[in-house]
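Numbered by full-length UniProt numbering, the letters in the sequence shown go through residues 1 to 287 in order. C-beta: ideal position from N, C-alpha, C; glycine also. Some notes on the structure that comes next.
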Amino acid sequence: MQFLYRKLDLFRDTWLVFDVVIVSTSWVFHSFKVGRSFRILRALLIVFRMNGLKELVEALINCLPRIFAVGTLLVLILYVYGVVFTSLFCDLYKDGHTDEDYFSRLDTTIFTLFQMMTMDSWSGIAKQVMAVYKWAWFPFICYIMSTTFLVLNMAVGVISSAIAEIKVEEIESYVVNLSRDLSRDLSRDNGNNTTLERKVDQLTALVERLENQLQLQQQQQHNSQMYQYTAPQQDSSSSFEYSRAGVGRQSDEFKLPHPFRKHVSYSTIQEEEVSRSLDPIEKSDTI
């Protein structure tokens with residue numbers, strides 16, 4: 001039925017082509033009936049239908065290099081602590097001080113450290129070792145602090161920052177498009193003040209929302225340099241300066257207030273202050 005309605009355009013649907021290949025292959029090759037189970041992959045189509053899931057997947061794809069860097073750091077920490085714990089506690093299982101073989105070889109030590117990183121019975125393992133070595137609490141605490149509370153939270157911060165970046169980019173693009181429409185209406189000057197005021201209100205609301213998103217992202221980033229944003233140092237000026245022709249151009253510094261606020265440069269303020277300070281001197285010279 002779909003072929004009669006859509007004809008050859010039907011085969012542009014990649015998910016439908018995937019379904020046809022799986023079903024036809026399972027019909028031709030009876031041993032490939034297990035391949036029908038791959039049709040469950042069509043459930044991934046929901047990712048492209050829901051905006052929330054789509055943003056999350058895009059954020060994960062965009063932050064893959066940063067996640068890879070965090071994973072490399074985690075592997076390095078696991079290897080260093082694996083060598084240390086193996087050299088310190090390799091004889092505990094042979095001497096009967098522990099219930100299981102935790103630290104006799106490097107591979108078992110790394111597996112134990114990975115288990116401890118997930119907070120799975122790490123205190124029980126530590127207490128068995130501390131029953132023999134009273135000072136053993138120190139390397140265990142250092143390891144838990146450096147992995148569970150530092151590296152894993154760093155990975156969560158990378159993902160949350162990537163999601164915030166996507167939201168900010170969407171708002172920025174919408175603000176730019178709305179400002180272009182606004183400048184086009186200004187150039188026409190058709191006297192429709194109601195529509196113009198409504199668009200100005202929309203642009204102002206979007207600018208305020210963008211400022212809130214940027215402030216939230218700066219709080220989340222802390223020590224990581226994820227998204228570069230230059231905060232206004234003086235009085236907040238317009239993000240878009242409008243010329244007399246009505247064409248908006250973006251200022252050098254990304255500043256986000258009301259679009260029709262008058263822009264006063266810092267150099268102009270300095271010149272006015274210098275001129276005020278020189279007035280008493282000139283008056284004294286004339287006297």
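If you draw a straight line from the Cα of D120 to the Cα of L210, it is about 41 Å long. Just so you know, the alpha carbons of C142 and S160 end up roughly 26 Å apart. Each residue's CA atom was taken as its position, placing I110 and E58 some 32 Å apart. The straight-line gap separating the alpha-carbon atoms of A69 and A155 is approximately 9 Å.
Distances from the alpha-carbon of K54 to those of L106, T148, I166 put I166 closest.
The C-alpha of I77 is placed about 12 Å away from the C-alpha of M145. At a Cβ-Cβ threshold of 8 Å, V151 and L74 count as neighbours. The C-beta of V176 has fewer than 16 other C-beta atoms within 10 Å across all chains shown, which makes the residue exposed.
Counted as a single uninterrupted DSSP element, the alpha helix (DSSP H) harbouring T109 occupies residues 106 to 117.
Cβ contact annotation for Y81 (same chain, cutoff 7 Å, sequence separation greater than five): L113, Y143, in chain order. Counting every other CB atom within 10 Å of its CB across the protein chains shown gives F138 a total below 16, marking it as exposed. In the three-state scheme derived from DSSP, where H, G and I count as helix and E and B as strand, A131 is classed as coil. Residue burial is scored here from C-beta neighbours: A162 has at least 16 other C-beta atoms within 10 angstroms and is therefore classed as buried.
Sixteen is the threshold: since fewer than 16 other Cβ atoms of the shown chains lie within 10 Å of the Cβ of L64, the residue is exposed. Between Q202 and V168, the CB-CB gap reaches or exceeds 8 Å.
Taking the Cα positions, C90 is about 7 Å away from R105. If the five residues before and after R66 are omitted, its C-beta is found closer than 6 Å to the C-beta atoms of V158, all from its own chain and listed in chain order. Counted as a single uninterrupted DSSP element, the alpha helix (DSSP H) harbouring E58 occupies residues 51 to 62.
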